[in-house]
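Chemist:
Residue numbers (the working numbering): 680 to 894.
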């Protein structure tokens, strides 16, 4: 019997009021979504980009557009190493764009250079969900070559154990993307992004030489 690994997905809470569409300019720069397959990066990314007026880019989709074949075909012909090389090349290119919401592949953080690159070019959000929820969302998806095994649940659990520390190392914000609607999640994420932006602005003002500090 498969044992579900219940991981602690830390929910970042904020008291910032709900974001409105007119506040989009208050969330500057790129927003980069990382997390396991099935965490909701594409669904959340599209909705978020629409709400804040940014361009949505899905790295896996970009790879498929450039190669003309699906991810499973790339894995079959070039192996995972070949796919990761293509993924890294696409990442280096797309992060140079401005004002985007970027959904990365689940394994994009495996290479240290990629982790550094993502943090340097945007606010990185880790969408964290328990293995049971990830399995529920992916169990009928045949476009996940790493899960085409006899025990996909065990494979997911193993991947989570390997990748979770790397997601946490890379992320500026960690949020639970488990059992809640994408719209609810996005509203919470917008609140957290507002809070992070306010904290960053406050720190910059505090450290600016022209601003008098309290004695």
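C-beta: ideal position from N, C-alpha, C; glycine also.
1. Does DSSP put residue 804 in a helix, in a strand, or in coil?
2. Using beta-carbon positions only, say whether residue 784 and residue 715 come within less than 8 Å of one another.
3. Residues in the same chain with beta-carbon distance under 6 Å from residue 802, minus the five sequence neighbours each way, listed in chain order, please.
4. In the DSSP assignment, the alpha helix (DSSP H) including residue 789 goes from what residue to what residue?
5. Nearest by alpha-carbon distance to residue 748: which of 859, 762, 809 is it?
6. Would the beta-carbon of residue 756 fall within 8 Å of that of residue 739?
7. Quick one: give me the first and last residue of the beta strand (DSSP E) that residue 734 is part of.
8. Return the CA-CA distance between residue 855 and residue 862, expressed in angstroms with no decimal places.
9. Just to confirm my understanding: we take residue 780, look at its own chain, exclude 5 residues before and 5 after, and list those with CB closer than 6 Å. What are they?
10. How should residue 836 be labelled, buried or exposed, when 16 other C-beta atoms within 10 angstroms of its C-beta is the threshold for buried?
11. Relative to the C-alpha of residue 843, which candidate in 865, 872, 810 has its C-alpha closest?
12. Ends of the beta strand (DSSP E) at residue 782?
13. Quick one: using the 10 Å Cβ neighbour count with 16 as the cut-off for buried, is residue 745 buried or exposed?
Modeler: Answer, in terms of the structure:
1. strand
2. no
3. 710, 851
4. First-last for residue 789: undefined, no H or E at that position.
5. 762
6. no
7. 734 to 737
8. 13 Å
9. 710, 724, 727, 728, 733, 735
10. buried
11. 810
12. 779 to 782
13. exposed
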